[in-house]
Structure formats: C-alpha cells, structure tokens
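Q: Position in the sequence shown (from 1) plus 50 gives the number in our numbering.
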Amino acid sequence: MNKDKQTNESSLERELTVEEDCQMQVEENFSADFLLEVINGTSDPIFVKDRQHCWVLVNDAYCNFIGRNREEIIGKSDFDLFKKKEADESWEKDEFIFTTSNQNESDECITSNDGEKRFVSIKKCVFKNQEGQKFLVVTIRELTQQITQHFQIEARLRSSKHLLEQILNHIPQAVFWKDCDSVYQGCNSFFADIAGVGEPLLIKGKTDFDLPWKEEETNWFRLNDSRAIESKKSESIVQPQLQADGRQCWLEINTIPICDAQGKVTHVLGTLQDITERKEIEVTLQQLYEELEIRVHQRTSELTQVVTHLQKEIKQREAIENQFLLSEEKLQKLSANVPGMLYQFKLGADGQFSFPYVSSGCFEIYELFPQNVIADASLFISSVHRDEREDFEKSIANSAQSLQPWQWEGRIILTSGKVKWIQAASRPEKQADGSIIWDGVVTDVTRLKQAERALKRAYTDLEKRVEERTQQLMQTNQALQKEIGERHLVQSELLASRQRLALLIEQTPLAVIEWDKNFAVKEWNRGAENIFGYTKEQAIGNYLEFIVSPTAQEQIDHFKTALLSQRGGSRVVTENITLDGKTIICEWYNNPLVAVNSEVIGVASMVLDITEREQSETTLQEQEQFLRSIYQGVEQLIFVVNVLDNGELVYADWNLATEKATGISASNAISKFPEEVFGDVQGAKIRQQYIRCLEVGIPITYEENLVFQGEENCWLTTINPLRNIEGKIYRIVGTSFNISERKQAETQLKQQTQELKIALNELQNAQIQLGQSEKMSSLGNLVAGVAHEINNPVNIIYDNIDYANNYIQNLLKIVQLYQQYYPQAASGIQAFAKEIDLEFIYDDLPKLLDSMKIGAQRIREIVTSLRNFSPMDEAQMKKLDIYQGLDNTFLLKDYLK
Numbered sequence: 051m052n053k054d055k056q057t058n059e060s061s062l063e064r065e066l067t068v069e070e071d072c073q074m075q076v077e078e079n080f081s082a083d084f085l086l087e088v089i090n091g092t093s094d095p096i097f098v099k100d101r102q103h104c105w106v107l108v109n110d111a112y113c114n115f116i117g118r119n120r121e122e123i124i125g126k127s128d129f130d131l132f133k134k135k136e137a138d139e140s141w142e143k144d145e146f147i148f149t150t151s152n153q154n155e156s157d158e159c160i161t162s163n164d165g166e167k168r169f170v171s172i173k174k175c176v177f178k179n180q181e182g183q184k185f186l187v188v189t190i191r192e193l194t195q196q197i198t199q200h201f202q203i204e205a206r207l208r209s210s211k212h213l214l215e216q217i218l219n220h221i222p223q224a225v226f227w228k229d230c231d232s233v234y235q236g237c238n239s240f241f242a243d244i245a246g247v248g249e250p251l252l253i254k255g256k257t258d259f260d261l262p263w264k265e266e267e268t269n270w271f272r273l274n275d276s277r278a279i280e281s282k283k284s285e286s287i288v289q290p291q292l293q294a295d296g297r298q299c300w301l302e303i304n305t306i307p308i309c310d311a312q313g314k315v316t317h318v319l320g321t322l323q324d325i326t327e328r329k330e331i332e333v334t335l336q337q338l339y340e341e342l343e344i345r346v347h348q349r350t351s352e353l354t355q356v357v358t359h360l361q362k363e364i365k366q367r368e369a370i371e372n373q374f375l376l377s378e379e380k381l382q383k384l385s386a387n388v389p390g391m392l393y394q395f396k397l398g399a400d401g402q403f404s405f406p407y408v409s410s411g412c413f414e415i416y417e418l419f420p421q422n423v424i425a426d427a428s429l430f431i432s433s434v435h436r437d438e439r440e441d442f443e444k445s446i447a448n449s450a451q452s453l454q455p456w457q458w459e460g461r462i463i464l465t466s467g468k469v470k471w472i473q474a475a476s477r478p479e480k481q482a483d484g485s486i487i488w489d490g491v492v493t494d495v496t497r498l499k500q501a502e503r504a505l506k507r508a509y510t511d512l513e514k515r516v517e518e519r520t521q522q523l524m525q526t527n528q529a530l531q532k533e534i535g536e537r538h539l540v541q542s543e544l545l546a547s548r549q550r551l552a553l554l555i556e557q558t559p560l561a562v563i564e565w566d567k568n569f570a571v572k573e574w575n576r577g578a579e580n581i582f583g584y585t586k587e588q589a590i591g592n593y594l595e596f597i598v599s600p601t602a603q604e605q606i607d608h609f610k611t612a613l614l615s616q617r618g619g620s621r622v623v624t625e626n627i628t629l630d631g632k633t634i635i636c637e638w639y640n641n642p643l644v645a646v647n648s649e650v651i652g653v654a655s656m657v658l659d660i661t662e663r664e665q666s667e668t669t670l671q672e673q674e675q676f677l678r679s680i681y682q683g684v685e686q687l688i689f690v691v692n693v694l695d696n697g698e699l700v701y702a703d704w705n706l707a708t709e710k711a712t713g714i715s716a717s718n719a720i721s722k723f724p725e726e727v728f729g730d731v732q733g734a735k736i737r738q739q740y741i742r743c744l745e746v747g748i749p750i751t752y753e754e755n756l757v758f759q760g761e762e763n764c765w766l767t768t769i770n771p772l773r774n775i776e777g778k779i780y781r782i783v784g785t786s787f788n789i790s791e792r793k794q795a796e797t798q799l800k801q802q803t804q805e806l807k808i809a810l811n812e813l814q815n816a817q818i819q820l821g822q823s824e825k826m827s828s829l830g831n832l833v834a835g836v837a838h839e840i841n842n843p844v845n846i847i848y849d850n851i852d853y854a855n856n857y858i859q860n861l862l863k864i865v866q867l868y869q870q871y872y873p874q875a876a877s878g879i880q881a882f883a884k885e886i887d888l889e890f891i892y893d894d895l896p897k898l899l900d901s902m903k904i905g906a907q908r909i910r911e912i913v914t915s916l917r918n919f920s921p922m923d924e925a926q927m928k929k930l931d932i933y934q935g936l937d938n939t940f941l942l943k944d945y946l947k
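1) Considering only residues of the same chain and omitting the five flanking positions on each side of S93, which have a CB-CB separation below 8 angstroms?
2) Do you know how far the Cα of F241 is from the Cα of Q223?
3) Entirely within the region 470-540 and at least 3 residues each: give me those beta strand (DSSP E) ranges in chain order.
4) Residues in its own chain within less than 8 angstroms of D71 by CB, not counting five upstream and five downstream?
5) From the DSSP output, which residues share a beta bridge with L862?
6) Can you tell me whether I886 is buried or exposed, with buried defined as 16 or more other CB within 10 angstroms of its CB?
7) Quick one: which unbroken beta strand (DSSP E) runs of 3-plus residues sit fully inside the region 400-461? Chain order, please.
8) Look up Y701 in the DSSP assignment and give the residues it is bridged to.
9) Helix or strand or just coil, what does DSSP make of R101?
10) S228 lies in the beta strand (DSSP E); which residues open and close that run?
11) Given a cut-off of 8 angstroms on the beta-carbon distance, is the pair I124 and S717 in contact?
12) Can you name, in chain order, every residue of its own chain whose Cβ lies under 6 angstroms from the Cβ of E479, other than the five neighbours on each side?
13) Less than 8 angstroms between the C-beta atoms of T628 and F689, yes or no?
14) What residue range is occupied by the uninterrupted beta strand (DSSP E) comprising G577?
15) Under the assumption that G878 contacts G747 (Cβ atoms under 8 angstroms), give the Cβ distance between them as a whole number of angstroms.
16) Answer yes if the region 495-508 comes into contact with the region 299-306, meaning at least three C-beta pairs across the two stretches below 8 angstroms, and no otherwise.
17) Based on Cα-Cα distance, which residue from T326, A245 and D229 lies nearest to I308?
18) Which of the three DSSP states, helix, strand or coil, is assigned to E142?
19) Just list the residues that DSSP pairs L643 with in beta bridges.
20) May I ask which residues mark the beginning and end of the alpha helix (DSSP H) holding Y112?
21) For F882, write down the residues that DSSP places opposite it in a beta bridge.
22) Just curious, the alpha helix (DSSP H) that D730 is in, first and last residue?
23) Output the distance between the C-alpha atoms of E536 and L319, rounded to the nearest integer angstrom.
24) CA-CA distance, S620 and T585?
25) Use the C-beta contact count for R191: other C-beta atoms within 10 angstroms, 16 or more gives buried, fewer gives exposed.
26) Indicate whether the contact test is met: 3 or more Cβ pairs, each with one atom in the region 120-139 and one in the region 167-186, closer than 8 angstroms.
27) Would you tell me roughly how many angstroms separate the C-alpha atoms of L670 and I904, rounded to the nearest one?
28) Starting from the C-beta of Q603, find all residues in its chain whose C-beta is less than 8 angstroms away, skip the five residues before and the five after it, and write them out in chain order.
29) The beta strand (DSSP E) with W270 in it runs from where to where?
30) Could you work out which residue in V491, T768 and N592 is closest to A475 when comparing CA atoms only?
31) Quick check on F723: does DSSP put it in helix, strand or coil?
32) Does the region 182-190 come close enough to the region 506-516 that 3 or more CB-CB pairs lie under 8 angstroms?
33) To the nearest angstrom, report how far apart E587 and E579 are at their CA atoms.
34) Can at least three beta-carbon pairs, one atom from the region 556-573 and one from the region 324-332, be found at a separation below 8 angstroms?
35) Could you tell me whether the region 359-368 touches the region 451-462, where touching means 3 or more Cβ pairs closer than 8 angstroms?
36) Which residue's Cα is closest to the Cα of Q675: L523, R503, K174 and T465?
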C-alpha cells in the first residue's frame, strides 16, 4: 500500500513537472516560429553585431540588400566586406552606440554596386542578453518609393536649376526679365554687373528708376517694355550711348514678351549686348574703303601728271628735233641738256642698220660712249633684254614698212648687268637711196616703272587686305547670327525649364519653403499649406518659430546657426505646430542658397510629415524588442540550410537551442556541409533528408535518431523549402523536437500492451477454470500478479496521454497561427492540407485522444478491480468490504463479457 502511494505521488509530481515543461515548450515553440517568420519574412534588412563588431545574425533581406550570402557575412566585420574608409566610418558610428547605449536613427543615401542611389532609414540600438553581453541590433528601412522619387526629382531639379544658372551666367549677353509692371524679377550675373547690383538675386523687386540709368534711358527702357507688352511682339533696337568717360558705345537691346497658356503677357524677357566693337569694325571698314578711294584717286592723279609731263616732254623733244634740223650746233647744245639720248637710226636698203648720230646722253642710259655706238650699232641692239628683243625687232619692222612713228618701251641690260626700263620714240623718214632714217629720243623710265610696280603692289596688298577684312566681317556676322539663334534657343529652353520647375514645386505633396537669411518665409507652396494649414498669404513674412513646437526651440536655434555657417544640406526631425494647434512630427531637408560670391542669401527647405511613420516605428521597435526577447529564450531547435547554385547544401545558421543540443556553435557550422559538422555517416544521413525535401519540393516531417554529444536521441524534424521569385529552392528552414521520451513511452506502451494482451488471454483461460473451486486461489494470485504488472505501463500510458494531447494541441495551435498570419500559403502547402483533410484532423484528433484516454481509464479501473479482487501483496488475514468485492466482481464480469 505504501509503495503504491509513493508511486502515485511520484507520478503526480512528474505529471506536474511535465505539464510545466510542456507549457514552457509550447510558448517557446510559438515564439521561435513567430520570430523566425518575422525576421526572415520581413522585407526590411535586419542584422545583429556582437561587441567585436562582427555579424552574428542577418536576415534574407539584408543579404539581398548588400548583395552577399549569409555565409560571407556571419563572423565578419566591416573591414572584411567594405572599403577601409567606409569601414572606419561604420566602426566609429557602431562604437558610439555600443559605448553610449543610445538608440540612433538616421537617413542616408547609399549607392549600390550598380550605381543606383537608394534613400534608407537606419535604426540602431543596443541589446543585452542574460549574461550581460551587448549586441548591436540594426534595422534598415528603404524609404518609400514616393520619397525616393521626390529626392531624385529634387536632385534633377536642383541640377537643372544650377545648369540654367550656369548657362545664364556664361552667356556673353546681359539677360533680365521683368513683370508687366516693369519690375525686375531676375537677371544673370552679366546684367547684374552692368546694373551695379553685384548679385543677380539683388535685382529682384527693383525698377529702372532704382538703377544707375539716366532719366532718358530709364524712360526709353520702360517705353520698350510697354510696346512689347501691347504688341506681344519682340522688339530689337540698336541704341547709341555716351559713357561716363566720354566714349561712344552701341547697345543692341531685345525685348521679348512672355505669354502664358492663355496668351496673356506675364513677363518681359530682355537681352542687352554691347556691339560697340562690331560697330567700330564697320566704321573702320568704311574708313578703309574711303582711304582706298582716296589713294586710288591720288595714284591716278600722279599717273596723269606723269603722262602730262611725258607728253609735254615729247612735245618739247619734237620742238628740239625740229630745231636740230635747223641747226646741228644748236642741236648739239640742246641734246647735251635734254634728259635722255637723242639718236638717228638708219636702216639701209640692204638691211644693214647704223647710228649716224647719238647724243651724249647715251652714256647716262647705256653706259656706252656715243662714238662706240656709232662705230658698232650692234652694241645698242644687243643691250635689249632677250625676252623683249623679238618685240623690239618686230616694232621696227612695222614702223619701217608703214613709215609710222615708232614707239617702244622695254628693258635693257647694261654691260654691268644692271637692268633699266627705257622708253623710245622716233619718226621714220624714207631717203632717196631707199634707206629709212628714224630721228628719235630714248629716255630712262626705270623710276617710273618702279613707281608703277610699287603702286601695283600697294594696290594688290590693299585689295587683299580689303578682301581679308571683308571675309572676317562676314565670318563675324555669321558667328553673331548663329550666337543670336543659340541664345534665343537657350532662352526658350530656360523659360520652359523654369515653368516646369514652378509646376513641380507647386504640385509636389512635400512642403517646399524658401527662407531669407533671417528665416522669414519668402515662398510657401501648396504642400506646405496642406501640412501646416497656413495659406501662402498667412505664411509669407512669418519667422520659422511660428510652426515650431516650444520643446524643439533649442534644437531649431542650433540648426539655424549650423545651417548658415556650413556648405551642403542637412536633415533634421522636429516637432511642429499646425494652424489648428496640432503637434506633428516633420522631417526637414534643408539646403543653404549660396550666391556666386559664396554668400548665403537664404535657405530652401523640403518638409515631409512623418507623424504616422514615427508612430509605426515606435510600435515596430516594441514588437522587435519583444520578439528579440522571445528569440533568445526559445528551446526549439531551428536551423537554416542554404542550397548553393551547384546543388551543394551548407548550413547558414541555427539558434541557441540547436547549439545547446548539438554542442556546436552556429559560427562553427556556418558554410559547412552536414558531413563536416556531424561526421561522414551521420552527415550523409542528414543530407539524404534534405535532398528528399528538395525533390518533393514541399515541407516534410520525419523522425530520425541522431547522436549529439555522445548521447543518442530521437528527433521529430520538419524541414520546409523556401523558393525565390523564380520558384527555385534556395534555402531550407527546419525545426526539430526531442521525442526520445515519447518514443520510449510508445515502445514501452506497445510492449506492455502486448504483455497485457497475453495477460488477458491468460485471464480468459483462467476464467474457464473459475468453476473449479480448487483453482480459485491460484486464479486470484494470477489476477493479482497480472494487475500488478499492468499497473505501471497503464499509468505511464494514462499519464502521457495528457502530455501528448497538450503537444498535439500546441501543434494544432501553431498551424492555426500560420493560417492566421499567412492566410495565403504556398500552393504546395494548400494542396497537402487538402489531401490530408486538415479540417477533419482538427475535429477528429482530439476525439481520438479522448477515446484513447477513456480506454486507458477503463484499463486502470480493471487493474484496480483486479488488485482489489485478489491482492497479492498481503499474506495476513484482514477484514474486507464484501460490497466492494461484489462490485469488483460485477465490474470484471461486465468487462469480460
């Protein structure tokens, strides 16, 4: 009796212990599965680093984010994966978080390997485990596509605006634009210098009366604006202007009306160009033409004078010749004083020629003495240049034949080699003997010829210079025309770009605000109206503090000081107040507006209302912390196997429960084959199950006996294949339970059931002999012995049925949670659930367990009745309850029927 009591107490304690363990295991299993689904199923990259800055946990999204496999990341530091500069920056930021244990969040622009810019929000926090070890938990969330597109649009707009400003500032023309009231709205740096305002932005709001124009110039400018607005046509005028230093300059002014879509003139675009140089070139060209005319006229006058002089000389020489005929002595005197050489040339009837008379001027021209020429006439003829000798002889023959006056001009070569130009003229007279005598004169015209050649060269040079200058003017004119066309095109593109920029700013859902240097509102778009509630008219002129929460005032003061002193944009998250007093959280992107002289003239801000996002992030942080705590305490074995491109299977990760069960840390198993981790035999056995899962392509559950740390246990393992977007299995996720005790109980139950059947058969045989009174004692002993032997296994069966029921209920609950959180399961899972009739199992399995429990209860009652009917553990005599004996007898009778 005492032994039975001790056995019952031991069973009760064990039942309570097993129930507590079961409840803990249910919670841990639920937490592990839920955490696994959250971490591996989330689209946000998540990773964990230890205190040595090495990765210890990464999810699939982070692997895809940096383009590396998990085995390439786990156990490595930033210096193993990134460049030194990037690794140093990351190490410094992480070390700061480790040291201060502060939570940090920042938005960054990351350039991927393919050059694409991605805007992400990075959140970091420090977590301590039970041993006090610090781990850095990092979550990366890519900003919404709308924000990313907005940043890209902003960057393109900023680039486009900068490009347009550069184009305007590099155009060699002064460009400005006004509204319909002739108030300047902007200009390029060229016009700003001319107007004396320094910076183009300072021109805005000014009129021509505010600029250093003369009164008549101001009125003339405004009159041009009025004409262009009224006619809606471009005006182009060239206007002379007297500079302060007295220099005359010429300005080409173009006034172009800008119309909106309805054809209404909204602005006036103007260009101003100094064309003084072009005008000076034109004036210079005109002066050259006039100078050319004067020089040609002068040369013509000089030649006329020379010809007149020659004609006069000829007349004088004719007079001298006539006088020579009258008096040879007088002729001698005259010939000695006449410039040139007087001669008398005779051509005999026989064709012989001679010089009857040659004056003393012969030596001056021919460097020959007269007597030598008279003695040898060939000296005279041979001095004629060989290129002109034929013409010389021909002219004499013609004159001899026609008896017409002979005139010839050509070159002679002296004995010294000197070349001279001579001009000869004579009259032929036929003599009685048939000979012909020419009386004439030869003059040296070398200087005249040289003057003619010099004049010709000068004229040719002048023509060439005029032609070159004309070509230059034509090229300059063509270049000016081309430049004017290009400027018109640039102006049109600039106007279109400004219109697109204005539309984008007005239609963007983000608040776009422009501040002056004192942080007063200058521009306020529709997005700002929607976020803060103030209209543009209400906001213009107000300072930044009117939309800032008092709690953020100190932050804003620091932000303003830093922004005006730095170069480049900044980001800040602050609490803001709307028109209706509502507090919102906004994300500000601010950039100082820097003029060409590096002076900050204002600030441009883009604002995004992130109130809902902040609330969601807070909730997500709490959930993440909760899941992290659950994950650290889970007892279920969870492991991940990567399927490589070549079909190889390597471990990617497993949890602390797996490390505890196998005695192998996850870092020692990562990127290793099953054979490397568990040995050739056991590893090959494990690999076969993984291969079977890959072949069937659906989750499979199986039992396996594995030896870990020298102890063999039975494990119930479920492995689930994961597919990528192409449908290819790239990973296997598995869970495993230690069912060694359950298997032992099942084996023992089967063995004891078999023994029970044998005992029942023996009992049935014993019932046949119940009629024999002499065998009742032995039957009682047999029954008591059977009851005693059945008692322990039946108790084990009965006690473990509740545990099995709890296990099964937990498994069914996990399945229901999977269906709840993932209602759209994979097609393979849905097909298998339909094949096994999952809904029927939900209903029937509890009933099956209840029936098993009822059967075990009945067996316990039978055993109790048998023990009470014929106890074998007491030999002495004692009093018994006759009614209890009858009840047991009837009970056995009912069961044995």
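For glycine and all other residues, C-beta sits at the position ideal for the given N, C-alpha and C.
A: Taking the definition as stated:
1) As a position in the sequence shown, residue 93 is number 43, starting the count at 1. Once the five neighbours on either side are set aside, the close Cβ partners of S93 are A111.
2) Against the sequence shown, residue 223 aligns to sequence position 173. Against the sequence shown, residue 241 aligns to sequence position 191. Cα-Cα distance, rounded: 8 angstroms.
3) 486-494
4) By one-based count along the sequence shown, residue 71 stands at place 21. Its pLDDT being 48, under 50, D71 is placed unreliably by the model, and the measurement read from it follows with that caveat. Closer than 8 angstroms at the Cβ level, and outside the excluded window around D71, lies no residue.
5) Locating residue 862 in the sequence shown gives position 812, counting from the first residue. According to DSSP, L862 bridges with nothing at all.
6) Position 836 of the sequence shown holds residue 886. Classification of I886: exposed, given that the 10 Å Cβ count is below 16.
7) 403-408
8) The residue given as residue 701 occupies position 651 in the sequence shown. Per DSSP, V691.
9) Looking up residue 101 in the sequence shown gives position 51. Three-state result, R101: coil.
10) Within the sequence shown, residue 228 is the residue found at index 178, counting from 1. Note that residue 228 is Lys in the sequence shown here, rather than Ser. A224 to D229 is the span of the beta strand (DSSP E), which, as asked, contains K228.
11) Reading the sequence shown from its first residue, position 74 is the one you call residue 124. Reading the sequence shown from its first residue, position 667 is the one you call residue 717. For I124 and S717, yes; Cβs fall inside 8 angstroms.
12) Residue 479 sits at position 429 when you count from the first residue of the sequence shown. Closer than 6 angstroms at the Cβ level, and outside the excluded window around E479, lie I487.
13) Counting from one through the sequence shown, the residue named residue 628 turns up at place 578. Counting from one through the sequence shown, the residue named residue 689 turns up at place 639. No, the pair does not count as a contact, with Cβ atoms beyond the cut-off.
14) Reading the sequence shown from its first residue, position 527 is the one you call residue 577. First-last for G577: R576 to F582, but that is the alpha helix (DSSP H), not the beta strand (DSSP E).
15) Translated into positions along the sequence shown, residue 878 becomes position 828. Translated into positions along the sequence shown, residue 747 becomes position 697. Going by Cβ atoms, the distance from G878 to G747 rounds to 6 angstroms, so yes, they are a contact pair.
16) no
17) For the purposes of this step, residue 308 is identified with residue 258 of the sequence shown, where counting begins at 1. For I308, the nearest C-alpha among the options comes from D229.
18) As a first step, residue 142 must be located in the sequence shown, where it is residue number 92. The answer is helix: DSSP assigns E142 an H, G or I state.
19) By one-based count along the sequence shown, residue 643 stands at place 593. Here L643 is bridged, per DSSP, to G652.
20) For the purposes of this step, residue 112 is identified with residue 62 of the sequence shown, where counting begins at 1. Going by DSSP, Y112 is part of the alpha helix (DSSP H) stretching over D110 to I116.
21) Sequence index remark: in the sequence shown, residue 882 carries index 832 (1-based). In DSSP, F882 forms no bridge with anything.
22) Counting from 1 along the sequence shown, the entry for residue 730 is found at position 680. Residues D730 to V746.
23) Here the question's residue 536 lines up with position 486 in the sequence shown. Here the question's residue 319 lines up with position 269 in the sequence shown. Their Cα atoms are separated by approximately 16 angstroms.
24) Position 570 of the sequence shown, counted from the start, is the residue given in the question as residue 620. Position 535 of the sequence shown, counted from the start, is the residue given in the question as residue 585. For S620 and T585, the gap between their C-alpha atoms comes out near 26 angstroms.
25) By 1-based counting over the sequence shown, the position of residue 191 is 141. Buried, because 16 or more other Cβ atoms sit within 10 Å of the Cβ of R191.
26) no
27) Mapped onto the sequence shown, residue 670 falls at position 620. Mapped onto the sequence shown, residue 904 falls at position 854. If I take the Cα positions, the gap works out to 47 angstroms.
28) Stepping through the sequence shown from its first residue, residue 603 is reached at position 553. Same-chain partners within the cutoff: E595.
29) Within the sequence shown, numbered from 1, the residue matching residue 270 stands at position 220. Segment E265 to S281 is the alpha helix (DSSP H) holding W270; no beta strand (DSSP E) there.
30) Your numbering for residue 475 matches position 425 in the sequence shown. Considering only alpha carbons, the answer is V491.
31) Position 673 of the sequence shown, counted from the first residue, corresponds to residue 723. F723 falls in the coil class under three-state DSSP.
32) no
33) Numbered from its first residue, the sequence shown carries residue 587 at position 537. Numbered from its first residue, the sequence shown carries residue 579 at position 529. Rounded to whole angstroms, E587 to E579 spans 10 angstroms at the Cα level.
34) No: fewer than three Cβ pairs fall under 8 angstroms.
35) The region 359-368 makes no contact with the region 451-462; the number of CB pairs closer than 8 angstroms stays below 3.
36) Along the sequence shown, one-based indexing puts residue 675 at 625. Looking at the Cα atoms, K174 is the closest of the given residues.
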